[in-house]
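Protein sequence lines correspond, in order, to chains A, B, C, D, E, F, G and H. The first sequence begins at 3 in my numbering and counts up one residue at a time. The second sequence begins at 3 in my numbering and counts up one residue at a time. The third sequence begins at 3 in my numbering and counts up one residue at a time. The fourth sequence begins at 3 in my numbering and counts up one residue at a time. The fifth sequence begins at 3 in my numbering and counts up one residue at a time. The sixth sequence begins at 3 in my numbering and counts up one residue at a time. The seventh sequence begins at 3 in my numbering and counts up one residue at a time. The eighth sequence begins at 3 in my numbering and counts up one residue at a time. Working notes for the structure below.
Number of protein chains: 8
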Amino acid sequence: MDRERLSALLDRHARGEVSRDELLEALAVAPFVELGDARVDTHRALRTGVPEVVLGTGKTADQVARIAQTLAAAGGNVLITRVTPEVAAELRERLPGVEHLPVPRLAILRQAPVAPRGRGPIAVVCAGTSDLPVAEEAAAVAELFGNKVERVFDAGVAGLHRLLASLDVLRRASVVIAVAGMEGALASVVGGLVAAPVIAVPTSIGYGASLGGVAALLAMLNSCASNVTVVNIDNGFGAAYVASLVNRA
Amino acid sequence: MDRERLSALLDRHARGEVSRDELLEALAVAPFVELGDARVDTHRALRTGVPEVVLGTGKTADQVARIAQTLAAAGGNVLITRVTPEVAAELRERLPGVEHLPVPRLAILRQAPVAPRGRGPIAVVCAGTSDLPVAEEAAAVAELFGNKVERVFDAGVAGLHRLLASLDVLRRASVVIAVAGMEGALASVVGGLVAAPVIAVPTSIGYGASLGGVAALLAMLNSCASNVTVVNIDNGFGAAYVASLVNRA
Amino acid sequence: MDRERLSALLDRHARGEVSRDELLEALAVAPFVELGDARVDTHRALRTGVPEVVLGTGKTADQVARIAQTLAAAGGNVLITRVTPEVAAELRERLPGVEHLPVPRLAILRQAPVAPRGRGPIAVVCAGTSDLPVAEEAAAVAELFGNKVERVFDAGVAGLHRLLASLDVLRRASVVIAVAGMEGALASVVGGLVAAPVIAVPTSIGYGASLGGVAALLAMLNSCASNVTVVNIDNGFGAAYVASLVNRA
Amino acid sequence: MDRERLSALLDRHARGEVSRDELLEALAVAPFVELGDARVDTHRALRTGVPEVVLGTGKTADQVARIAQTLAAAGGNVLITRVTPEVAAELRERLPGVEHLPVPRLAILRQAPVAPRGRGPIAVVCAGTSDLPVAEEAAAVAELFGNKVERVFDAGVAGLHRLLASLDVLRRASVVIAVAGMEGALASVVGGLVAAPVIAVPTSIGYGASLGGVAALLAMLNSCASNVTVVNIDNGFGAAYVASLVNRA
Amino acid sequence: MDRERLSALLDRHARGEVSRDELLEALAVAPFVELGDARVDTHRALRTGVPEVVLGTGKTADQVARIAQTLAAAGGNVLITRVTPEVAAELRERLPGVEHLPVPRLAILRQAPVAPRGRGPIAVVCAGTSDLPVAEEAAAVAELFGNKVERVFDAGVAGLHRLLASLDVLRRASVVIAVAGMEGALASVVGGLVAAPVIAVPTSIGYGASLGGVAALLAMLNSCASNVTVVNIDNGFGAAYVASLVNRA
Amino acid sequence: MDRERLSALLDRHARGEVSRDELLEALAVAPFVELGDARVDTHRALRTGVPEVVLGTGKTADQVARIAQTLAAAGGNVLITRVTPEVAAELRERLPGVEHLPVPRLAILRQAPVAPRGRGPIAVVCAGTSDLPVAEEAAAVAELFGNKVERVFDAGVAGLHRLLASLDVLRRASVVIAVAGMEGALASVVGGLVAAPVIAVPTSIGYGASLGGVAALLAMLNSCASNVTVVNIDNGFGAAYVASLVNRA
Amino acid sequence: MDRERLSALLDRHARGEVSRDELLEALAVAPFVELGDARVDTHRALRTGVPEVVLGTGKTADQVARIAQTLAAAGGNVLITRVTPEVAAELRERLPGVEHLPVPRLAILRQAPVAPRGRGPIAVVCAGTSDLPVAEEAAAVAELFGNKVERVFDAGVAGLHRLLASLDVLRRASVVIAVAGMEGALASVVGGLVAAPVIAVPTSIGYGASLGGVAALLAMLNSCASNVTVVNIDNGFGAAYVASLVNRA
Amino acid sequence: MDRERLSALLDRHARGEVSRDELLEALAVAPFVELGDARVDTHRALRTGVPEVVLGTGKTADQVARIAQTLAAAGGNVLITRVTPEVAAELRERLPGVEHLPVPRLAILRQAPVAPRGRGPIAVVCAGTSDLPVAEEAAAVAELFGNKVERVFDAGVAGLHRLLASLDVLRRASVVIAVAGMEGALASVVGGLVAAPVIAVPTSIGYGASLGGVAALLAMLNSCASNVTVVNIDNGFGAAYVASLVNRA
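What follows is the structure, encoded as structure tokens:
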């Protein structure tokens, strides 16, 4: 409910086309559907330009399925993240046509064509094979949002030649998503090689002093490359979401 | 030295216009000026599209001045961050025409006009008066990089009406920089109100359990708004740098 | 054993109605029942005005059951928290009539009517569907203590309209319990919207930099709203307990 | 701007008493005074029932003084916390009649009588002499808000008899504020002795493993007494604020 | 090999009763039995006055059994700590007569009478029923070392009367072991009540901000009672070991 | 006020020698002197067998002086720890005859002879010259409490021969206090060399990853020698206090 | 692709023996095999003198097997670390002749003789039986790299005689690898006893305040012995790798 | 006192050339000079092959001077680290001929020629100008120990061309010391570029989430390059010490 719509509404009220009660109702009513334990935001696409996504973490299979069904009823594409095998089974039963990608732990219901968008490709680069689930989550989500995605996987900084071999891919991207665990140095090195914004995703890959991804997170936050911003550990989805916003024409 | 220039160089070498020694030299020579204790990157603007900036932290007044002089000799605008009063005095003596902004702790030498750029304004919103030095650093840097900046200061979430009063400013921005210390909730609330990317800057403002800004940093990294990315604590410069990249036409 | 009762006791001793040994005994005897591995406090209701509660964490099913039986024998209502399925099974067998609520992980034996009490309703607001077990623990406990409870669930700050749609519920509450994981911003936003005390409950919902709820905990402790106090991570029971004390007429 | 006032405003608009532009203005205008670097909330007392307070932390002496002057112009009492000697000097010059309390680091401008309020006294108990500045901040603020305050100072748990000697004071309080550094055990012990809500304030007093008050903070959050809630380290003001809300008739 | 024995050895060497090679050998040989992956210290009792104990943590069932058998061959009593059910089964098979105590996770092979020792009883006090495994480990170990032990269980500080009811037990002990999780306040309170040394054992009981026992550990290290020292989290064995040393006549 | 004295008091009350009001008074009155901001415990020596000590940390020079004067009036020896030069100056002025030891930061007023006590000497061993202030605090305090003290300073584990050269001193001690910063390994090595209890004092000496003494603290808590207990970082006083208790005949 | 090879390549290009396209290709091509989700570095041995190793952590059994097969095809020896039973089963099926060492969790395919190398033996010393998996990983890897290895196991500092009994082994080593959990003191003690470099490996063995190996890690980083460097917790492989480099003739 | 010398001593004792008392004395006497508060190790060069160094941290100017004088009397070169201006002044007065290097905070007394040693040069590479004090400490110490040192300063990974321009210097080094603050990525990148061992030195340079160097430390410990080991934050001396040992012929 922005200022312009409010102004229009008040005009119609002034002309008697909208009653005071209707006006109050319109001002108060929220663009969500009440499910009891969840309030599903069916207007989010309208407000933010990207379809609502169901974050699977911490929800029961039944909750995920009900929310997904509510969103599916609106006719758009539906994306569910952090899909466990249990949730996937539940979704396949209750959401016909849903597609399950086990590596990035995503479920997608495609009901509408995805229009290509974006000023250029989004490059997703990751440091090691172990970072693949997070990197692939970022790549698949960015594709679903209409972006062209180029993958550069297993290109950690200790084998710089593997990274430099894909330098042209990185340089022609309009945004780069850099995914790395352990020491997280990939973000700084990539940041220094490209002029585009780099969204860094620390992963929980590592052991001992990696502290579940905190080492990589701190490294990325302290990047000496000024074009780096950071999202939460393992948050491939968030990186793709922001990259998609940045890539908008 | 990118692939195209390498290709051209090799062509010229093949035609005998460039000797083998000259070629080797060209391949090895780095686009920086050696100052002994610093290697000043005079070609960075070329590579990344933004002028080199001198990060003042951890450098002596003499080091900052020498690096700034080297960059100034190249004729462009020069920006120095984290300028202490001592450094400012040194700069005023050795860099005629330099301008010192004490609140955001910046020094600027303007030698070239700043062309307006960017798809829209960058909004800089901060939670409290105490966050002002960081917020103003972000705002002043973004302006120096050619962006139109709109400031919304002292608009913390505990007085939501102060934030909502500036909702139109936030909504018309192409990027929002959200600066907050203490609990850092501003990033999530702003993230939910706008469709643009939000760059969150935690500040070290707070006491006790704020742990020098770590509380705000963690909050921002865990934002439930998907359009939020984060930079280091008090890193107003970094936020402006990325916002400027994102705002490019 | 407060000063008044001590005074009375001493009077009776002085009048010879109570022997020295009886007096010593009365002074030393503690109002608890010794179970060997537990000392069950059967007089707590007397001392604090709220029935004793069995905290299920860290106790074996047998220990929980024995303590609950001892308390049940006193005739009042008995509440057991953090009830695992194993404990629930044990309780159903040994405590006839016990009721098990799986979502908030509570078991309740109702043996006495609960008198309505409190100056007004207690509002329990939570940020996401995943916070529901903790929020529902707070709500159910507050109801068992005689309070009217109003629930506002899945109202996180990134969708501010969902929260504002329930603003009237929040404003008419005499105490608000705000339950949130991730960045925990809900406490500050709600704190700024109401005049009543807000009891913030961080939850362990989140991943990566949420550090098992520590991020939300720190955010809430640093709240810029002055009417916020905090309890331990996931401590819905504690929040309800204090809210109930505050709500007393 | 609550729902009732909105409804009234819309009625007046419908009757033509308020123009559309006036209505829009009323809806948008925020109850604050714009000072450039601060937005002073002059209506806060109206909204929350307690006067606005200037938190001195992180503000320059000039900023504190300007905000205080703005608030003073509204005619009520003004309270400034965390007042350094520099700020105190500035305030004495620019805010005639201001009173400076150096131990609790407060400045107070009394312009209106403080009406006694509250269901009973608020007890402020602290563990050691070193905790006095925080405890006295809590006590003085609670008094300024109209409460009767009873102080029990230097009553740490290692000398239990010093605490028990004041048991009657603690028991007749309607709220207890427990202030302690080091191991913070005072909160749990007091919590077990009284039926009233206990607001625990960890202090930064201690050394080594006290980690600047984090040890006491963690202890208080883990209190085995269910009537304890916690505020930030050294936050005597916040404790008094909430205690005052709880104590309202 | 202490100085006296060295002196005697050198005398015998001087008299020709011990050859140079024998002397060298005696100086080098260590009083342990090499098992390949373990070096079992069969002379420890001699050196330190307390029998060798097998710490079960991090060893395979086979390793524990082999070490225990080697120690058993020396004829003394053998104590194994942190005995998992798997290790217990292995021990029962290979170490006839071994006794398994499941609550404190101990296994004991009694082959020699335990002589009573100690200046007085050791009191073991714990805060809650959940702390029982650690408290019972301390108590059982202290008994095996020949001490008289008095148990005061479930006597947390939030129900001070339960603790004070056992005050005489605490006061007549020559050492007190205080076992507590959560906020660990028991150590300070007990420390203030007795004149004897108090050995504090934090336990990992708690949740959320207890951080696996770190909250209790920090509290105990910061105890305002000067007679408190601390051992590692859940280290009931270590507390009993030191208490036994302190209690020696 | 222990059970025996209570019993005697009640007898006298029964015989009419003590009135009810006198009895109540005796039960309530605490053995401390109220100074307003401090409650000075003049009976502590009676209760715990060791003179009251003024911990200087966090108190103003005036507070320290007033408390010391109150204790001095009782005629015994007075010990003040953590004495800054400012406090020392204040004490010299107001407490004639006070002695100031700058290295261990102690002030001592000797008014009574110190009777020798203890089963044997207390050895104080420290790792490096930098640990000397803490080690000397422990040594001087132990001496003031009547113990014979033997110092082994600058005997870190990286030069094991320096430690072993004093092995006989360590072995004949009835308690050892091991003081070390950095990696804190001294406690484990000494613990393995002696049969007596070892009280480990981590110091804040070190830099970087020593984290202000936390590294040494953690090492000492994890000691593989079972006869080691730990006190807070830099707490030389506490170590001496406990060592003195342990050393009692 | 080092400078010399580049120079030679350019010469051949200048002589027309290598076309411009071939030259470009040679400059760009990376010495790895693309497997889709992994880029296997078949030239690493050439670059660094040690065979490529497959780090098993975080990879699926299928990924490990495919990478191992690709490396095996090159004819050299292949080493896989952190081999779980599942991975071991997969490898046995797909990599005939592979050898599985369960204690150090290694798999080795021997296809080429290992030439003895190194200036002297590498000593691997560990503190306790529980540290054996990490110590044995270091020892076995060092042997596979051609070094002579001497093992000193279960020689913790609390039983110094067990360590000193192997002093000659330690002193004749050209590098020492010191493996310890808990307080990690072994590194400092060994560091002080030998002149050779000591590579310290903290292990995650311990409980409570060992914080998963962080205590030992911090201790080792703060070692007062200057010849100690540190690798990640449980990183036996890394220690052996560096020890092997240091031991090169 | 190693085994061989012990054997010889025992022979002489057997032949009557050394009395039993002399033998005992020789076995006990430590090769250090007792200064009261320090035990100066004058035989360290003998034992470890490198001259004793005075670590300046935590010592008073007087202590440093006395220790340095004792060492100087032995005639070798003396190195003092972490020299503050105060200590430098004291040394200049009491140690004629001492040389003070302010940037690396070293003082050196050259009394003997430094023989060139080492298999090759040691390269010291640092990330930024701010890391210079630590890098220069490493370089100057390595030179004093007889090594040839090559410096590559201000070569952070965000400007990879600056690092690659010095690739030949790095590749011909027999050991590389990599010094970096902030994200510490330099260690991993250098580790991947060279075959030699890399000793990583995290520095405390950075702000906010660098946590005083902990971010760089964690990154280096998690390096994906296997040839990297780590020393304490800012420990340039330690890195040079180990590098020197590794570089020995």
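Here a beta-carbon is modelled for each residue, glycine too, at the ideal position from N, C-alpha and C.
Residue range of the beta strand (DSSP E) that includes residue i
| i | result |
| --- | --- |
| F/Glu-152 | 151–154 |
| F/Ile-110 | 108–111 |
| E/Pro-204 | 200–204 |
| A/Val-20 | Per DSSP, A/Val-20 belongs to no beta strand (DSSP E) and is neither H nor E. |
| G/Ala-125 | 124–128 |
Short Cβ contact (8 Å threshold) for residue i with residue j
| i | j | result |
| --- | --- | --- |
| D/Glu-139 | D/Leu-97 | no |
| H/Ala-70 | H/Ile-82 | yes |
| G/Val-171 | G/Glu-152 | yes |
| C/Asn-224 | B/Ala-129 | no |
| F/Gly-186 | F/Ala-137 | no |
| B/Pro-199 | A/Leu-247 | yes |
| B/Ala-67 | B/Glu-88 | no |
| B/Asp-156 | B/Ile-207 | no |
| F/Lys-61 | D/Thr-86 | no |
Host alpha helix (DSSP H) of residue i (start-end)
| i | result |
| --- | --- |
| D/Leu-97 | Unbroken run through D/Leu-97: none, as it is neither H nor E. |
| F/Ala-245 | 238–248 |
| B/Pro-1 | Because chain B spans 3 through 251 in this model, residue 1 of chain B falls outside it and cannot be assessed. |
Counterpart residues of residue i in DSSP-defined beta bridges
| i | result |
| --- | --- |
| H/Thr-59 | Paired residue(s): none; H/Thr-59 is not in a bridge. |
| C/Thr-231 | C/Ile-201 |
| C/Leu-103 | C/Leu-108 |
Taking three-plus beta-carbon pairs below 8 Å as touching, is the region 223–231 of chain E in contact with the region 232–243 of chain F?
-> yes
Determine contact between the region 193–207 of chain H and the region 142–162 of chain A, defined as no fewer than three beta-carbon pairs at a distance below 8 Å.
-> yes
Segments assigned alpha helix (DSSP H), at least 4 residues, entirely inside the region 159–223 of chain A | 162–166, 169–173, 188–195, 216–223
Taking only runs that begin and end inside the region 69–96 of chain B, name each unbroken alpha helix (DSSP H) of 4 or more residues, in chain order.
-> 87–96
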